[in-house]
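Residue numbers for the sequence shown, in full-length UniProt numbering: 1 to 263.
By construction, the Cβ of each residue, glycine as well, lies at the ideal position given by its N, Cα and C atoms.
In what follows, a single structure is set out as C-alpha cells and then discussed.
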Amino acid sequence: MTNDLLLLNIQALTTTKCDVLFAELISNNIKFLCLTETWCTATSAETFNFPGYNLAAFFSRNEFKGGGVGIWSRSDLQVTALNISSYCHDKHFEICGVTWDNGVRVFLFTCYRSPGSDFNFFCNKLCEVLDMFYKSNAYVVICGDFNVDPIRDRGSFDYLKHILGTYNLTDKVKTPTRDKNILDNVFTNIPNTNFCTTEEVTFSDHNVVYCDGYFKRSTGMTKKPVSQKRIYNETNVANFINDISSEDWGRLYPGLGKIHFLL
C-alpha cells in the first residue's frame with residue numbers, strides 16, 4: 001500500500017508515539033507526515049526523529065502550552081521550508097509549510113486552530129498566506145485540524161469552503177476524523193486526486209487521514225495559461241463604430257418599447 005500523505009492530530013508527540021508512527025510511515029510508504037497538536041517546544045521538535053525522514057517545517061507556541069504543527073518529509077525528497085511563522089498566532093492560527101518541484105511547483109501547508117479561537121482571524125490569516133504563494137500554475141495542499149465540521153458548524157465550514165474555493169481548493173475528507181465530526185481536512189487544487197481515507201488509532205482521539213494520488217510526478221508538459229486581449233487603437237475603434245452603425249437594430253426596438261411602457 002502506498003500513500004502520499006499522513007495527517008493526524010497527535011495530541012502530544014512522544015517517543016512511544018514516534019515508534020508507532022514510524023511503522024505506519026514505512027508500511028504505507030508515506031512521503032509526508034503532517035502532525036497537529038505536537039505540543040513541541042522550539043527545541044524539542046527536532047529531537048523526535050523518524051529514520052529516513054527529515055523535519056521539514058514546524059511551528060511551536062510562544063506563550064501557551066500545547067498546539068503546534070509539523071511536517072516531516074521523506075529524505076529522498078528535496079523540499080524547502082516556507083518562512084511563514086510571522087503569520088502565526090498561538091491558538092488562533094498555527095501553520096507551517098514546505099514547497100518542492102514535482103514536475104510542477106507544489107506548496108504543502110499544515111495548520112491548526114484551537115476550539116473556541118477566533119475563526120475570522122484564522123480565515124483572514126490563511127488568505128494572507130495563500131496570497132503570498134498561490135499561483136494558477138502551482139499545486140496547493142492545505143491539511144490540518146480546522147476544528148470546523150461541515151454539519152455541526154455548517155455556517156463556518158461553508159464560509160471556509162467558499163474562501164478556499166476562490167483559490168480553486170476543494171475539501172477531500174468525507175468521513176469522520178473525531179467522533180462523528182470531520183474536524184481534520186485536506187483542501188487542494190490538484191486534479192484527479194483520490195479522496196482521503198480515515199482510520200482509527202489507539203494513541204489519539206482523532207482518526208488518522210491517509211491521502212493517495214496527490215504528489216505523482218507530472219509526465220506531460222504543463223499547459224501555460226492562455227490569455228486574450230483587445231487592442232483599442234484608432235483604426236479598431238473606427239471599425240467598431242462603423243459596424244454598430246450599420247447593424248439592423250429593428251428587432252430590438254419592440255422590446256425597448258415594452259420596457260419603456262412598463263416603466
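Quiz item: Is it right to say residue 206 is buried, meaning 16 or more other beta carbons lie within 10 angstroms of its own, or is it exposed?
Solution: Counting every other CB atom within 10 Å of its CB across the protein chains shown gives residue 206 a total of 16 or more, marking it as buried.
Exercise. For residue 89, collect the residues of the same chain with a Cβ closer than 8 Å to its Cβ; drop the 5 residues on either side in sequence, then sort them by chain order.
Key: Within the same chain, residue 89 has close Cβ partners 121 and 125.
Quiz item: So, helix, strand or coil for residue 130, using DSSP?
Solution: The answer is helix: DSSP assigns residue 130 an H, G or I state.
Exercise. Have a look at 200, 44, 203 and 192 and flag the residue whose alpha-carbon is nearest the alpha-carbon of residue 212.
Key: Nearest C-alpha to residue 212: 192.
Quiz item: Assuming residue 81 and residue 57 make a contact with CB atoms under 8 Å, what is their CB distance in whole Å?
Solution: With a Cβ gap of about 4 Å, residue 81 and residue 57 count as contacting.
Quiz item: Quick one: Cα of residue 208 to Cα of residue 22, how far?
Solution: Distance between the alpha carbons of residue 208 and residue 22: 13 Å.
Quiz item: Given that a residue counts as buried once 16 or more other Cβ atoms are within 10 Å of its Cβ, and exposed if not, what is residue 148?
Solution: Residue 148 is buried by the Cβ-count criterion.
Exercise. With DSSP as the reference, please indicate the residues paired to residue 93 in a beta bridge.
Key: Partner(s): 89.
Quiz item: Taking just the CA atoms, how far does residue 11 sit from residue 24?
Solution: Cα to Cα, the separation comes out at about 17 Å.
Quiz item: Quick one: does residue 32 have its CB under 7 Å from some CB of chain B?
Solution: Absence of chain B from the displayed structure is noted, only one protein chain being present.
Practice problem: Between the Cα of residue 184 and those of 9, 33, 4 and 98, spot the shortest distance and give me the residue it belongs to. | Solution: 9 is the residue among 9, 33, 4 and 98 whose C-alpha sits nearest the C-alpha of residue 184.
Quiz item: Going along the chain, which residues of its own chain have a beta-carbon closer than 6 Å to the beta-carbon of residue 3, five neighbours each way excluded?
Solution: If we look at residue 3 and ignore the five residues flanking it on each side, its Cβ neighbours are 28, 30, 210 and 212.
Exercise. On a CA-only basis, which of 71, 173, 52 and 51 is nearest residue 60? Give me that one, please.
Key: Out of 71, 173, 52 and 51, 71 has the C-alpha closest to the C-alpha of residue 60.
Practice problem: Return the chain-ordered list of same chain residues with a C-beta closer than 7 Å to the C-beta of residue 150, the five sequence neighbours on each side being excluded. | Solution: Taking C-beta separations shorter than 7 Å and ignoring five residues to either side along the sequence, the partners of residue 150 in its chain run 157 and 182, following chain order.
Quiz item: Helix, strand or coil for residue 40 per DSSP?
Solution: Coil, per DSSP.
Quiz item: In chain order, what residues of the same chain have a beta carbon less than 7 Å from the beta carbon of residue 55, not counting five sequence neighbours either side?
Solution: The residues are 45, 46, 70 and 72.
Quiz prompt | Per-residue DSSP class, three states only, for residue 6 | solution = When DSSP states are grouped into helix, strand and coil, residue 6 belongs to the strand group.
Self-check item: Spatial distance of residue 40 from residue 16 (CA atoms)
Solution: Straight-line spacing of the CA atoms in residue 40 and residue 16 works out to 15 Å.
Practice problem: Could you check what DSSP says for residue 101 in three-state terms: helix, strand or coil? | Solution: Annotated three-state conformation of residue 101 is strand, per DSSP.
Quiz item: At what residues does the alpha helix (DSSP H) containing residue 20 begin and finish?
Solution: From DSSP, the alpha helix (DSSP H) with residue 20 extends over 15–27.
Exercise. Could you check what DSSP says for residue 55 in three-state terms: helix, strand or coil?
Key: Residue state, collapsed to three classes: strand.
Quiz item: Going straight from the alpha carbon of residue 75 to that of residue 52, what length do you get?
Solution: Straight-line spacing of the CA atoms in residue 75 and residue 52 works out to 5 Å.
Quiz item: The beta strand (DSSP E) spanning residue 142 covers which residue range?
Solution: Per DSSP, residue 142 is one residue of the beta strand (DSSP E) stretching across 139–145.
Exercise. Verify whether the separation of the beta carbon atoms of residue 66 and residue 38 is less than 7 Å.
Key: Result no, Cβ atoms of residue 66 and residue 38 do not sit closer than 7 Å.
Exercise. Have a look at 134, 91 and 113 and flag the residue whose alpha-carbon is nearest the alpha-carbon of residue 106.
Key: Among 134, 91 and 113, the Cα nearest to that of residue 106 belongs to 134.
Self-check item: Buried versus exposed call for residue 97 [16 or more other C-beta atoms within 10 Å across all chains shown]
Solution: With 16 or more Cβ atoms within 10 Å of its Cβ, residue 97 is classed as buried.
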